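Working notes for the structure below.
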Amino acid sequence: MSCSLKVVGSIADLDEIWQDLNISKRTEGDPVLPEDCLSAISPIADILVLSRLQTFCVLKADWSTSGDDQGPQFHLSWTKNISVNSNENNKMETITAVIVLPVASSSQSKTRKSTNSVPEWACIAVGLSSGYIRFYTDAQSFSPPRHSTQPEQQEELYAFFTSVICVFPGFPLFSTLKAVRNQLTRVQDTSSTAADTPLTFSKWRLTDQHKVSDCIVTGTAPTNTYHHLLTASMCGGYNTSYKNSAPQSTQIIATGAKPFVGFHYAMEGPSHQILTDVAKVVANKLKSAIGQSVSSWFMGGSKNTVPTEETIEPAEDMGCRFGLCDAWRQGIDVVLSPLRSTCVITDFLGRLSLVDTVSGVVLRQWKGYRDAQTGWITLEEDASRSKTIIRTALFLVVYAPKRHTLDVWAMQQGPKVSSFTLNQPGRLLYTGHGLMGQSVPSKPRQNAPLLFLGDNGVIMELEVPFHCILTEKNSTRARDLHLLKKLRCAIRDHINEESKLLEEAKEWGVNSLR
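Just so you know, UniProt numbering puts the end of the sequence shown at 514, numbered straight through with nothing missing.
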C-alpha cells in the first residue's frame with residue numbers, strides 16, 4: 001500500500017457560487033478558486049465555507065445526491081454579504097479570515113470520549129479588516145463577540161490583527177455562543193442580531209518585530225530551573241535579579257521581517273501597571289475633564305451630546321526573547337503541527353523552513369516551493385498485542401501551485417515518500433483543530449482529514465500508510481512491499497522462465513518462494 005489521492009466528495013452549483021462571490025467566468029487552466037478567495041472546512045468535513053471580499057458562502061455535505069464511491073456533494077446552503085461600513089475613513093469592511101468551529105453539546109463536553117462524537121452545531125467565525133470578528137451559526141444567525149483557538153492544554157481561540165493578538169479562553173467563549181444561539185432559536189428570526197456580550201480575553205502587542213505576517217500560539221511554554229536562569233541571564237545580564245520559581249508563560253511564534261521568525265513570550269497572570277502608565281491615565285482623564293468644562297463655559301453652559309465611543313482594551317507589550325534573523329527573508333505564513341513540536345514557515349524566496357518550537361532551531365529547509373500551501377498528517381501505528389507503546393508518525397504535505405505537485409515528506413529528517421502531479425491548480429484544505437466546546441482538554445491529535453480541492457469542485461482526501469515513515473533499516477513491511485512489487489514485475493517479464501525468476505529472487509534476498 002502506497003500514498004494515494006481518493007475522491008471523497010465534490011462541489012455542486014459551482015456557477016452559482018462563482019456568481020455569489022463575484023468571480024469572473026473561469027477559463028480552462030484557471031484555478032477553481034482565485035488567490036484572494038478564502039476557504040475553511042469543518043474537521044469532520046461536513047461544512048465548507050468559501051469567502052471573497054464581503055461575501056461568504058456556506059456549503060453543506062449531502063449524501064443523498066452522491067454518486068457511487070464518490071462521496072457526498074457539497075450544496076450551497078446560504079450566502080451572506082456583510083455590507084457594513086467601517087469606522088475608519090468610511091471604507092467597506094472585507095473578510096480577512098474565516099474558520100469553522102464544530103461545538104460539542106453540553107452532555108458531550110463533560111466526557112473525554114466526545115472527541116470523536118458528532119457535534120451539536122457548527123460556529124463560523126469571520127474576521128474583518130476593521131479588526132472585528134463575527135460569529136455565525138450554521139443556520140445563518142449572527143452574534144458579534146470575538147474569537148480564540150488552541151487545543152493542547154485548554155481550548156483557546158486567537159485572533160491576529162496587524163501587530164496585536166487576542167487570545168480567548170475556549171470554555172467561556174463557547175458557553176456564551178451556546179447561550180446566544182439558544183436565544184436566537186427562541187426568537188425564531190434568522191435575520192436578528194444578538195447584542196454585544198463582554199468576553200474575557202488576553203491582548204498582547206508584538207513590539208519587537210518590524211513586520212508580522214502571521215503568528216501561532218503554541219500554548220504554555222515548558223519551564224524548568226535551567227531555562228529560567230538562562231532566560232534571566234540573557235535578558236537582564238549576569239547580575240540581574242530573578243524569581244526563585246520559573247513563571248508560567250505563553251509562547252507565540254511570529255513570522256515576518258526583522259526578525260524573520262520571532263519567539264515571543266507573555267507572562268501569565270494579571271498585568272501590573274507601573275507608575276508611569278498610571279500617571280498617563282490620570283493625565284488623560286484630567287485633560288479630557290478640563291476640555292469639557294472649558295467648552296461648556298464658552299457655549300454658555302449648554303452641553304452637547306457627544307456619542308460615546310466604544311472603549312478599546314489596551315494591549316500589553318510582549319517581549320521577543322530570541323529570533324531567527326535574515327535581512328533578505330520575509331515570512332508569509334506559519335502552520336503549527338498537531339503535535340506542537342514543530343512548525344513550517346513559508347517565505348517570499350520560495351523556501352520552506354521546519355522550525356523546532358521549543359529550541360527555535362531550523363531543523364530543515366526546502367527550496368523551490370514558491371506560494372506553497374502546507375498541511376500536516378498524523379498517524380498512529382496499528383495496535384498490537386505484543387506492543388505496549390503505540391508509535392506516532394508525522395508527515396508534512398506541501399502543495400506547489402507553480403509546479404502542480406503535491407509532495408509528502410516524512411518528519412523530521414525523513415525522505416519524500418510520495419509525490420502527485422496534478423493537472424490543474426487547486427486548493428489544499430487543512431484544519432488544525434478538532435471538536436470545540438469541551439470542558440476536558442483533548443489530546444494534541446489531528447481529527448480532521450487533509451483534503452485537496454481540485455478541478456471542477458472535486459474534493460480528494462490524501463491517504464498515507466504508516467509504514468511510509470519507517471526507513472529501510474527498521475521497516476520489515478516496507479521491504480516486503482518493495483520485494484512484492486519487484487516480484488510482480490519479474491513475473492510479468494519472465495512468465496515461462498522459472499530459472500531466471502529464481503535467480504533474480506535470490507539476488508534480492510528472498511529465501512524461498514511458495
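Ideal placement from N, C-alpha and C gives every residue a C-beta, glycine not left out.
Being a predicted model, the structure only gives us computed values, none of them experimental.
Can you look up TRP63 in the DSSP assignment and give me helix, strand or coil? Translated into positions along the sequence shown, residue 63 becomes position 63. Looking at TRP63 - three-state DSSP - the assignment turns out to be coil, as it is neither helix nor strand.
Please state whether the Cβ-Cβ distance between LEU481 and LEU453 is less than 8 angstroms. The residue you call residue 481 lines up with position 481 of the sequence shown. The residue you call residue 453 lines up with position 453 of the sequence shown. Taking 8 angstroms as the Cβ cut-off, LEU481 and LEU453 do not qualify as a contacting pair.
Can you check whether the CB of ILE253 is closer than 8 angstroms to the CB of VAL218? As a first step, residue 218 must be located in the sequence shown, where it is residue number 218. As a first step, residue 253 must be located in the sequence shown, where it is residue number 253. Looking at the sequence provided, one finds Thr at residue 218 rather than Val. In this structure, ILE253 lies closer than 8 angstroms to THR218 by Cβ.
If distances are taken between C-alpha atoms only, which option among GLY262, THR225, SER353 comes closest to GLY368? Along the sequence shown, read from residue 1 onward, the residue named residue 368 stands at position 368. Looking at the Cα atoms, SER353 is the closest of the given residues.
Where does LEU363 land, buried or exposed, given buried means 16+ other C-beta within 10 angstroms? In the sequence shown, counting from the first residue as 1, residue 363 sits at position 363. Exposed, by the Cβ-count rule.
Can you tell me the Cα-Cα spacing of THR240 and TYR226, whole angstroms? Here residue 240 is taken as the residue at index 240 of the sequence shown, counted from 1. Here residue 226 is taken as the residue at index 226 of the sequence shown, counted from 1. Rounded to the nearest angstrom, the two C-alpha atoms are 15 angstroms apart.
Do you know whose CA, among ALA104, GLN330, GLN365, lies nearest SER342's CA? Stepping through the sequence shown from its first residue, residue 342 is reached at position 342. Here the sequence assigns Thr to residue 342, which means Ser is not the residue at that position. Ranking the options by Cα distance to THR342, first place goes to GLN365.
For VAL458 versus SER42, is the C-beta spacing smaller than 8 angstroms? Here residue 458 refers to the residue found at position 458 when the sequence shown is read from its first residue. Here residue 42 refers to the residue found at position 42 when the sequence shown is read from its first residue. No, they are not a contact pair.
Taking C-alpha atoms, which residue in LEU450, PRO415, PHE420, VAL417 lies nearest to GLY432? Within the sequence shown, the letter at position 432 stands for residue 432. For GLY432, the nearest C-alpha among the options comes from LEU450.
Please state whether DSSP places SER175 in a helix, a strand or coil. For the purposes of this step, residue 175 is taken as residue 175 along the sequence shown, with counting starting at 1. Residue state, collapsed to three classes: helix.
For VAL103 and MET436, believed in contact at Cβ under 8 angstroms, the rounded distance: Working through the sequence shown from its first residue, we reach residue 436 at position 436. Working through the sequence shown from its first residue, we reach residue 103 at position 103. Contact flag correct, Cβ pair sits at about 6 angstroms.
Quick one: Cα of THR231 to Cα of THR357, how far? What you label residue 231 is simply residue 231 of the sequence shown in a count that begins at 1. What you label residue 357 is simply residue 357 of the sequence shown in a count that begins at 1. Spanning the two alpha carbons is a distance of roughly 16 angstroms.
Go through its chain and collect everything with a Cβ distance to LYS6's Cβ below 7 angstroms, but skip five positions before and after it. As a first step, residue 6 is located in the sequence shown; it is residue number 6 there, counting from the start. Excluding sequence neighbours, LYS6 sits near MET460, GLU461, GLU463.
Under the three-state reduction of DSSP, which class applies to ILE44: helix, strand or coil? By 1-based counting over the sequence shown, the position of residue 44 is 44. Coil at ILE44, not helix or strand.
What are the complete alpha helix (DSSP H) segments, minimum 4 residues, inside the stretch 3 to 39? 14 to 20
For a quick check, are the C-beta atoms of LYS416 and TRP409 less than 8 angstroms apart? Position 416 of the sequence shown, counted from the start, is the residue given in the question as residue 416. Position 409 of the sequence shown, counted from the start, is the residue given in the question as residue 409. Annotated as proximal: LYS416 and TRP409, with beta-carbon spacing under 8 angstroms.
Ends of the beta strand (DSSP E) at SER241? As a first step, residue 241 must be located in the sequence shown, where it is residue number 241. Element bounds for SER241: n/a, residue is neither H nor E.
Paired residues, beta bridge with LYS80 - DSSP: In the sequence shown, counting from the first residue as 1, residue 80 sits at position 80. LYS80 is bridged to PHE56.
Can the beta-carbon of GLN209 be found less than 8 angstroms from the beta-carbon of CYS325? Within the sequence shown, residue 209 is the residue found at index 209, counting from 1. Within the sequence shown, residue 325 is the residue found at index 325, counting from 1. In this structure, GLN209 sits away from CYS325, with a CB-CB distance that is not shorter than 8 angstroms.
Out of curiosity, what's the CA-to-CA distance linking VAL397 and THR223? Indexing the sequence shown from 1 puts residue 397 at position 397. Indexing the sequence shown from 1 puts residue 223 at position 223. Here the C-alpha atom of VAL397 lies approximately 31 angstroms from the C-alpha atom of THR223.
On the three-state DSSP scale, how would you describe TYR369? Position 369 of the sequence shown, counting from 1, holds the residue named residue 369. Coil at TYR369, not helix or strand.
Three-state secondary structure assigned by DSSP to PHE466: The residue labelled residue 466 in the question sits at position 466 within the sequence shown. Reduced to three states, the DSSP call for PHE466 is helix.
Hey, would you say the C-beta of GLU155 is under 7 angstroms away from at least one heavy atom of the ligand ATP? Ligands are entirely absent from the displayed structure, and the ligand ATP is therefore not among its contents.
Would you list, in sequence order, the uninterrupted alpha helix (DSSP H) runs of no fewer than 4 residues that lie entirely inside the stretch 205 to 236? 225 to 236
Measure the Cβ-Cβ separation of LEU339 and THR378 and say whether it is below 8 angstroms. The residue given as residue 339 occupies position 339 in the sequence shown. The residue given as residue 378 occupies position 378 in the sequence shown. Closer than 8 angstroms, so yes.
Near ASP214, which residues of its chain fall below 8 angstroms by C-beta distance, leaving aside the five closest residues on each side in sequence? Residue numbering aside, residue 214 sits at position 214 when the sequence shown is read from its first letter. Contacts found: PHE160, ALA254, THR255, GLY256, GLY331, ILE332, ASP333, VAL334.
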